[in-house]
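0 is the number of the first residue of the sequence shown in numbering that gives the first Met the number 0; add one for each residue after it.
Here a beta-carbon is modelled for each residue, glycine too, at the ideal position from N, C-alpha and C.
Because the structure is a prediction, the values reported are computed rather than measured.
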Amino acid sequence: MEGVRSFFLNPKHRRLHVTIVATALVVHGLLHYLTYIPAVQPVVGNLPYFRLHVLHEAEFLQIIVYAAITLRWKGAAGALAFTAFTSVPFILTPYIFGREPRPDELRDQAIQVGFILLMGGLMIYFIENASRERDQVSAHAKRLSALAEVSRTASASLDPHVAVGSTLPIVRNTLGGQAVLAYAYVPLTSSLM
């Protein structure tokens with residue numbers, strides 16, 4: 000399970016995930032509107048897959064969720080925008096087929112699309128919040144681990160110079176670029192002694 004999670008969340012695979020999301024959106028969009036092509040309509044129009052609009056909506060939501068998990072909110076917002084753009088022909092279906100819309104047909108289709116977009120937006124929001132919480136928990140765990148290591152290392156010597164000198168590499172590895180703040184402590188403690 001860790002390998003699968005690593006694949007989805009690892010920034011190294013970002014380009015691959017962008018390609019997967021873009022390809023899925025384009026292919027799904029083409030399949031979704033395949034029945035709108037008059038030459039193809041008699042062949043595929045009666046297949047169950049092409050008559051189940053709810054299934055197509057669920058597939059768009061799956062792509063949006065995949066984008067939210069792998070590309071975070073920006074990638075998912077792009078997938079949501081693409082879904083909104085490709086939903087316009089569905090709303091205008093009667094005009095595309097050269098007929099007058101039935102009463103409330105355009106309104107009902109616009110509501111259906113709006114609801115799918117709202118669900119997609121909520122999914123993006125919840126996934127992004129969960130991802131941020133996961134990142135915060137990971138950062139806290141890293142800091143706690145470093146604090147425990149600093150405590151063990153500092154307690155190994157009563158000499159402040161040795162204790163501070165041996166803990167600074169741990170702090171540097173934990174804090175990265177923010178470690179410079181910890182290094183400001185060294186001249187201060189040296190001047191006090």
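Tell me which residues share the same chain as residue i and place their Cβ nearer than 7 angstroms to its Cβ, disregarding the 5 neighbours each side in the sequence.
{"i": "arginine 142", "result": "Thr173"}
{"i": "serine 86", "result": "Val112"}
{"i": "phenylalanine 6", "result": "His12"}
{"i": "serine 130", "result": "Arg71"}
{"i": "arginine 14", "result": "none"}
{"i": "alanine 162", "result": "Ala153 and Ser156"}
Please classify residue i as buried or exposed, where buried requires at least 16 neighbouring CB atoms within 10 angstroms.
{"i": "isoleucine 63", "result": "buried"}
{"i": "threonine 22", "result": "exposed"}
{"i": "threonine 18", "result": "exposed"}
{"i": "leucine 157", "result": "exposed"}
{"i": "proline 10", "result": "exposed"}
{"i": "threonine 188", "result": "Only weak support exists for where threonine 188 lies, its pLDDT of 48 falling under 50; the coordinates are left without a value."}
{"i": "isoleucine 169", "result": "buried"}
{"i": "alanine 75", "result": "buried"}
{"i": "phenylalanine 49", "result": "buried"}
{"i": "glycine 28", "result": "buried"}
{"i": "leucine 191", "result": "Any reading at leucine 191 must be qualified, since the residue scores a pLDDT of 49, below 50, and its modelled position is unreliable; the value itself is stated next. Leucine 191 should be labelled exposed."}
{"i": "leucine 24", "result": "buried"}
{"i": "histidine 31", "result": "buried"}
{"i": "histidine 16", "result": "buried"}
Write down the C-beta distance between residue i and residue j rounded to the nearest angstrom, noting that I regard them as a contact closer than 8 angstroms.
{"i": "alanine 78", "j": "valine 39", "result": "Incorrect: roughly 26 angstroms between the Cβ atoms, too far for contact."}
{"i": "glycine 119", "j": "threonine 82", "result": "6 angstroms"}
{"i": "phenylalanine 59", "j": "isoleucine 115", "result": "7 angstroms"}
{"i": "threonine 152", "j": "serine 165", "result": "5 angstroms"}
{"i": "tyrosine 35", "j": "isoleucine 110", "result": "21 angstroms between Cβ atoms; not a contact."}
Identify, in the order they occur along the chain, each residue of the same chain with its Cβ nearer than 6 angstroms to the Cβ of residue i, setting aside the five sequence neighbours on each side.
{"i": "alanine 66", "result": "Val20, Gly74, Ala75 and Ala78"}
Residue j and residue i - do their beta-carbons sit closer together than 8 angstroms?
{"i": "glutamate 127", "j": "tryptophan 72", "result": "yes"}
{"i": "glutamine 108", "j": "isoleucine 90", "result": "yes"}
{"i": "leucine 33", "j": "valine 26", "result": "no"}
If I measure Cβ to Cβ from residue i and keep anything under 8 angstroms in the same chain, skipping five residues before and after, which residues do I get?
{"i": "proline 93", "result": "Glu99, Pro100, Arg101, Glu104 and Leu105"}
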